[in-house]
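Line by line, the protein sequences are chains A and B. Residues in the first sequence are numbered from 241 upward in steps of one, following the working numbering. Residues in the second sequence are numbered from 574 upward in steps of one, following the working numbering.
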Amino acid sequence: MSRNLSEKQKSRIRLGLVVLSVVLIGLGIMQGEPATVFNKAANICLECIGIG
Amino acid sequence: MKKKSGVFRHWVQAAWFALTNGYVSGYLQGKIFTGKSKTICVPGLNCYSCPGALYACPIGSLQAVLDSGSFKLSCYVFGMLTAFGTFLGRFICGWLCPFGFVQDMLNKIPLKKKAKNMPGDRYLRYLKYVVLVLFVLILPYFAKGDLAGTPWFCKWICPSGTLLGGIPLVIGNEGVRSATGILFRWKLWVLIAIVWLSVKYSRPFCKYLCPLGALYGIFNPISFYRLKVDETACVKCGGCQKVCPMDVKTWETPNSAECIRCGKCMDACPKGAITTSARELWGKKSGLEEAQ
Ligand code: SF4
Ligand code: SF4
Ligand code: SF4
Chain A
241 MSRNLSEKQK SRIRLGLVVL SVVLIGLGIM QGEPATVFNK AANICLECIG IG
Chain B
574 MKKKSGVFRH WVQAAWFALT NGYVSGYLQG KIFTGKSKTI CVPGLNCYSC PGALYACPIG
634 SLQAVLDSGS FKLSCYVFGM LTAFGTFLGR FICGWLCPFG FVQDMLNKIP LKKKAKNMPG
694 DRYLRYLKYV VLVLFVLILP YFAKGDLAGT PWFCKWICPS GTLLGGIPLV IGNEGVRSAT
754 GILFRWKLWV LIAIVWLSVK YSRPFCKYLC PLGALYGIFN PISFYRLKVD ETACVKCGGC
814 QKVCPMDVKT WETPNSAECI RCGKCMDACP KGAITTSARE LWGKKSGLEE AQ
């Protein structure tokens, strides 16, 4: 499918995805998701290490 | 020349690991880093319970947000994954993932009978998409009751968690050691199987099981970093596929979802027909400067 896309279309998709990622990160920050990520990452994850 | 660029890639992989897992006192004291940088994800599969880890694992974080029950969708982690994928695609797998590096090193161990792919390769390649959808998205999001709040992939499959997190913590932390049980033994066996398979086959975990590789592969055809084949120069000799650890027919599908951008095909091509979007851009830029 992607082989049929022209270079112009591909760069439009890329640009759209960059914008989308910025919007998503912004929305996530507004929802307070980074705190959930931090809480998980800054405590030993029992499931990850195989004892939870 | 051929060998040198491969060695360069391994140095980059090692340097990236040191840079993102450089909390030395974590290894010495059997504890993990708790600084604010752990709010940000690294692009590769890198357990945040590794004593040296300075950042968060994207797959672990995605499950943590989904299984918390507090959010409808993980915008923050999906946003980071979209950015990583759009810029680099699976370049991350070839250059910036600790567990990819581990598999590359294991595959250098000599063995009498080595092969590139496992039997059933054609079908097994789809397994990673099942792992992504089922273990990373559906089960963490929808499981209820006793099973709620579980990062299914981390708990039952992830060998990176066992290798980078579990083993160092079991060695260095008395409390963790005394808590090990059946689950730890199960994860240890999964890791041993993947280690053994990595000696025999190239990148088996990346080919068949990794949900992060599955996701980044979707971006490969459109990411900023891509491979380009000069069709007028290519003689379709198949030299590129022969050296490719992922067994990609580079001359036909240079931006296949399986390509980890290791660059081996570029070194092997007798006609110099393969290049990357980055090299092309660099060439154009230096060409312009010379013309000025
Ligand atoms: S167990 Fe695996 S997926 Fe989970 S946080 Fe650790 S490295 Fe990431
Ligand atoms: S497929 Fe997964 S484990 Fe393999 S290099 Fe990519 S992110 Fe890392
Ligand atoms: S196609 Fe080339 S860059 Fe991609 S994985 Fe194969 S050898 Fe590496």
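C-beta atoms are modelled at their ideal positions from N, C-alpha and C, and glycine is treated no differently.
Item: Pairs of beta-carbons, one from the stretch 714–730 of chain B and one from the stretch 638–649 of chain B, closer than 8 Å: are there three or more?; Value: yes
Item: Do tyrosine 600 (chain B) and lysine 611 (chain B) have their C-beta atoms closer together than 8 Å?; Value: no
Item: If you draw a straight line from the alpha carbon of serine 251 (chain A) to that of isoleucine 795 (chain B), how long is it in whole angstroms?; Value: 8 Å
Item: In chain order, what residues of the same chain have a beta carbon less than 6 Å from the beta carbon of isoleucine 253 (chain A), not counting five sequence neighbours either side?; Value: none
Item: Tell me whether tyrosine 628 (chain B), by its Cβ, gets closer than 7 Å to a heavy atom of ligand 1.; Value: no
Item: With DSSP run on the structure shown, which of helix, strand or coil describes leucine 654 (chain B)?; Value: helix
Item: Have a look at cysteine 832 (chain B) and histidine 583 (chain B) and give me their C-alpha separation to the nearest angstrom.; Value: 17 Å
Item: What alpha helix (DSSP H) runs, 4 residues minimum, are completely inside the stretch 818–858 of chain B?; Value: 837–841
Item: Find out if the Cβ-Cβ distance for the pair serine 622 (chain B), leucine 635 (chain B) is shorter than 8 Å.; Value: no
Item: Does ligand 3 have a heavy atom nearer than 7 Å to the CB of proline 818 (chain B)?; Value: yes
Item: Name the chain B residues that come within less than 8 Å of glutamate 273 (chain A), Cβ to Cβ?; Value: Val638, Phe644, Ser647, Cys648, Tyr649 and Val650
Item: List the residues of chain B that lysine 248 (chain A) touches, going by C-beta distances under 8 Å, in chain order.; Value: Here the premise fails: no neighbours, minimum Cβ distance about 12 Å.
Item: Taking the alpha carbon of valine 650 (chain B) as the reference point, which residue from B:Gly754, B:Leu679 and B:Cys614 has its own alpha carbon closest?; Value: B:Cys614
Item: Please return the same chain residues whose Cβ sits closer than 6 Å to the Cβ of lysine 717 (chain B), not counting the five positions on each side in sequence.; Value: none
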